[in-house]
Amino acid sequence: MIHYTMVAIKLSSSQSLFQQEISVLRQWRHPNIITIIGVCSEASALIYEWLPNGNLEDCIVCTNNSPPLSWHNRTQIIGENCCALLFLHSNKPTALVHGDLRPCNILIDANYRSKLCNFGLSNLFLQPGTCPPNLMARLPYMDPEFNTTGELTTLSDVYSLGVIILQLLTGMPPLTLSEKVAEALESDSLHLLIDKSAGDWPYIQAKQLALIGLSCTEMTRKKRPDLLTKVWKVVEPLTRKPLAATWPYLQSATGDSCVPSAFICPISLEIMKDPQMASDGFTYEAEAIRSWFDRGNIRSPMTNLVLPNLTLIPNRVLFSSIHEYLQQQQQPDS
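Residue numbering for the sequence shown follows this note's numbering, starting at 66 and increasing by one per position.
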């Protein structure tokens with residue numbers, strides 16, 4: 066806890082990976098990428114925003130008897146990760162490949178929104194031919210062509226996303242999962258594989274996700290679908306609240322225009338000008354949350370739980386992201 070606000074601290078055993086992750090998180094900001102609050106170079110420690118629901122791996126297996134993710138939440142998480150990858154892959158002149166996309170590197174906040182973390186194995190830093198550490202844990206999510214070429218591409222992330230889609234659909238371990246789903250589709254028995262704990266997942270939607278997940282996990286890259294024109298085109302309409310146009314490069318694919326939900330104050334429902342993080346871990350417009358306190362409220366507007374304290378901390382990373390977003394919106398179309 067720092068200044069009465071819960072944070073997460075990650076200690077890195079590698080100084081190079083520590084510096085690499087700082088480089089990524091300081092340059093690329095997005096609502097579905099973890100927010101870095103600070104660093105401690107002496108201890109090789111990264112200080113993150115606190116996300117109370119752990120990581121996606123914990124949520125899938127219901128660690129500590131946590132409730133299972135609903136099919137609504139699973140669909141939304143798929144959409145959010147697709148959106149975050151599109152943002153990374155749009156980087157110029159070189160696309161940023163995450164390189165280590167798996168459930169333990171997807172964190173879940175209080176509202177079951179997801180955020181990518183752990184960028185130490187990004188293609189911008191991983192040297193050709195380098196073998197990533199802890200290979201066995203990464204293997205089920207790793208692009209098969211990477212094992213032979215040592216090269217990470219955007220389609221490497223597509224493969225990993227496909228495995229995660231199939232896991233969220235079935236709740237099953239990743240090894241040989243694509244083969245099991247393919248067999249179920251062939252025998253018209255997909256309904257037997259769908260994770261019942263997710264609730265009544267609409268079969269048509271589940272089948273669409275199964276098909277797109279399988280296409281993403283093709284063994285050869287040239288057979289995998291393009292993330293924007295193929296995967297996002299299927300995933301976006303399935304999300305409970307469409308994520309279209311979270312960033313301008315998505316507008317051409319969807320034709321929609323909306324503001325990222327992370328930029329909206331939960332109280333005023335307007336884009337924040339002075340975002341402040343309260344002790345419940347949520348960020349609010351300064352004027353709105355202070356007015357909330359002035360009315361004698363000591364409970365969180367989001368959780369209705371008593372707040373540990375009424376301290377507010379400026380969310381400077383989110384402020385910068387909103388500022389950049391508004392600048393982009395003001396630019397005339399080319």
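Just so you know, even glycine gets a beta-carbon here, dropped at the ideal spot from N, CA and C.
C-alpha of S221 to C-alpha of S344: approximately 38 angstroms in a straight line. Put simply, of L274, T376, G215 the residue whose alpha carbon is nearest the alpha carbon of L226 is L274. With a cut-off of 8 angstroms on Cβ pairs, the stretch 159–172 is in contact with the stretch 117–128, counting three or more such pairs. Under the DSSP assignment, T140 falls in the alpha helix (DSSP H) whose first and last residues are 136–154. In the DSSP assignment, K245 falls within the alpha helix (DSSP H) that extends over 242–251. Rounded to whole angstroms, the separation of the alpha carbons of P302 and Q92 is 30 angstroms. Across the structure, L150 and H163 are spaced so that their CA atoms are roughly 8 angstroms apart. Straight across, the Cα-Cα distance linking D291 with C148 is about 13 angstroms. Assignment of T282 by DSSP, reduced to helix, strand and coil, places it in the coil class. Annotation for C105: the continuous beta strand (DSSP E) segment containing it runs 101–105.
For the stretch 201–231, the continuous alpha helix (DSSP H) assignments of 4+ residues that do not extend past its boundaries occur at 209–214, in sequence order. Taken through DSSP and simplified to helix, strand or coil, V300 comes out as helix. In this structure the stretch 106–117 does not touch the stretch 232–251; the number of beta carbon pairs closer than 8 angstroms is below three. The DSSP-derived three-state label of T348 is strand. For N120, the secondary structure class from DSSP, reduced to helix, strand or coil, is strand. Taking C-beta separations shorter than 8 angstroms and ignoring five residues to either side along the sequence, the partners of Q80 in its chain run S109, following chain order.
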